[in-house]
Amino acid sequence: MSSLPGNGTLRAALRWLVQLRTADVARARALFIHLPRFADLTPFQYAEGLMWLRRQGLVTEFGRLVPGEHLEAMQGLASEADPQVAEAVSALSGKVSVSHRQQIGAAGEEGLVALLRGATRAQVCHVAAVTDSYGYDIQARLPEGETAHIEVKATTNPHSLIVHLTRHEFETMRRDPYWVMAAVLVGPGAVVSAVATVSRRWLASSVPQDRDSSGRWESVRLCVPREALSVGIAQLGLRADGAWGLKLVTPEVAGVAGSNGSPFVSSSQLG
Numbered sequence: 001m002s003s004l005p006g007n008g009t010l011r012a013a014l015r016w017l018v019q020l021r022t023a024d025v026a027r028a029r030a031l032f033i034h035l036p037r038f039a040d041l042t043p044f045q046y047a048e049g050l051m052w053l054r055r056q057g058l059v060t061e062f063g064r065l066v067p068g069e070h071l072e073a074m075q076g077l078a079s080e081a082d083p084q085v086a087e088a089v090s091a092l093s094g095k096v097s098v099s100h101r102q103q104i105g106a107a108g109e110e111g112l113v114a115l116l117r118g119a120t121r122a123q124v125c126h127v128a129a130v131t132d133s134y135g136y137d138i139q140a141r142l143p144e145g146e147t148a149h150i151e152v153k154a155t156t157n158p159h160s161l162i163v164h165l166t167r168h169e170f171e172t173m174r175r176d177p178y179w180v181m182a183a184v185l186v187g188p189g190a191v192v193s194a195v196a197t198v199s200r201r202w203l204a205s206s207v208p209q210d211r212d213s214s215g216r217w218e219s220v221r222l223c224v225p226r227e228a229l230s231v232g233i234a235q236l237g238l239r240a241d242g243a244w245g246l247k248l249v250t251p252e253v254a255g256v257a258g259s260n261g262s263p264f265v266s267s268s269q270l271g
């Protein structure tokens with residue numbers, strides 16, 4: 001991301017981000033020109049603000065807002081400028097980031113359900129589609145009886161893995177021997193492109209400790225290191241070609257041959 005523009009341009013950019021959530025560029029520009037509450041900035045500043053957003057990849061050439069990590073980067077830049085601008089950007093990026101995470105989370109869950117049904121012999125139930133009370137998202141059971149209660153953490157970032165763990169999910173892990181956290185990489189088109197299991201031991205050692213009975217943590221953000229990941233979901237025989245970010249394959253125990261005669265098949269072949 002390039003250097004931070006002046007506060008006027010940055011305020012204009014923020015207003016574009018707000019308006020483009022519900023309006024197109026032409027309508028937003030008309031609002032900026034004709035409504036008195038927007039008259040503190042010039043048409044040139046609004047034009048500069050939109051150009052800057054496009055250069056940063058925050059707005060497409062068609063005038064559509066691009067949610068996700070770019071807004072978090074803008075929040076970091078804005079924090080170096082006018083405090084009012086930083087506060088407004090923080091509020092906006094928080095709202096958009098939550099919505100973005102929900103969309104990616106749903107895509108990860110649905111994609112993993114489809115993958116498990118197509119690539120393993122497990123009976124699969126998407127319990128989170130009915131209720132969030134279980135403390136996990138997917139229940140899968142092989143004919144031999146091997147069971148996994150899978151909490152899905154989806155991301156679009158193939159380079160680093162950050163997960164948000166609730167206290168309810170953590171307590172479920174502590175009492176449920178079948179509980180598994182599966183990290184799911186969601187690629188273009190909401191296609192699942194990798195799956196890895198996060199170590200239960202690492203999770204247990206990484207959450208905060210309650211200091212006394214007057215307070216307790218309810219949610220925690222964790223940056224998962226590579227050494228805490230193992231490819232696929234071992235309980236179900238779901239394997240991958242390698243480490244985080246590589247293609248998914250079906251388990252050897254499923255006996256499914258890929259197009260090249262290998263007992264493995266990539267996620268693209270499952271689609």
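In case it helps, full-length UniProt numbering puts the sequence shown at residues 1 to 271.
For each residue, glycine too, the CB sits at the ideal point set by N, CA and C.
This structure is a prediction, so every number in the text was calculated from the model and none was measured.
| Check | Outcome |
| --- | --- |
| Can you find the residues in the same chain that come closer than 8 Å, C-beta to C-beta, to residue 273, ignoring five residues on each side of it along the sequence? | A query on residue 273 cannot be resolved here, the shown segment of the chain reaching from 1 to 271 and no further. |
| Ala196 and Ala204: beta carbons closer than 7 Å? | no |
| On the DSSP letters alone, give me the boundaries of the alpha helix (DSSP H) that Arg54 sits inside. | 43-55 |
| Let me check one thing: in DSSP terms, what residues is Leu165 bridge-paired to? | Val220 |
| Is the separation between the beta-carbon of Leu58 and that of Leu20 shorter than 7 Å? | no |
| By DSSP, does Ala204 sit in helix, in strand, or in coil? | helix |
| Please work out which residues of its chain come closer than 8 Å, Cβ to Cβ, to Trp217, disregarding the five sequence neighbours upstream and downstream, and give them in chain order. | Arg167, Val207, Pro208, Asp210 |
| Taking Cβ to Cβ, would you say Ala190 is nearer than 7 Å to Ala107? | yes |
| Do the CB positions of Gly63 and Val18 come within less than 7 Å of each other? | no |
| For Ala254, which residues of its own chain have a beta-carbon under 7 Å away from its beta-carbon, when the five flanking residues on both sides are left out? | For Ala254, the predicted model reports a pLDDT of 34, less than 50, meaning its position is unreliable and no value from the coordinates is stated. |
| Would you mind sorting Ala39 into buried or exposed? The rule is 16 or more other CB atoms within 10 Å of its CB. | exposed |
| Check whether the Cβ atoms of Ala154 and Gly105 sit closer than 7 Å, and answer yes or no. | yes |
| So what does Ile138 bridge to, in DSSP terms? | Ile150 |
| Less than 7 Å between the C-beta atoms of Asp137 and Glu151, yes or no? | yes |
| By how many angstroms is the C-alpha of Gln45 removed from the C-alpha of Ile233? | 52 Å |
| Drop a sphere of 10 angstroms on the beta-carbon of Arg221, count the other beta-carbons inside from all chains shown, and report buried for 16 or more, exposed for fewer. | exposed |
| Using the C-alpha atoms, what's the distance from Val180 back to Val186? | 18 Å |
| What number of angstroms, rounded off, separates the C-alpha of Leu10 from the C-alpha of Gly49? | 6 Å |
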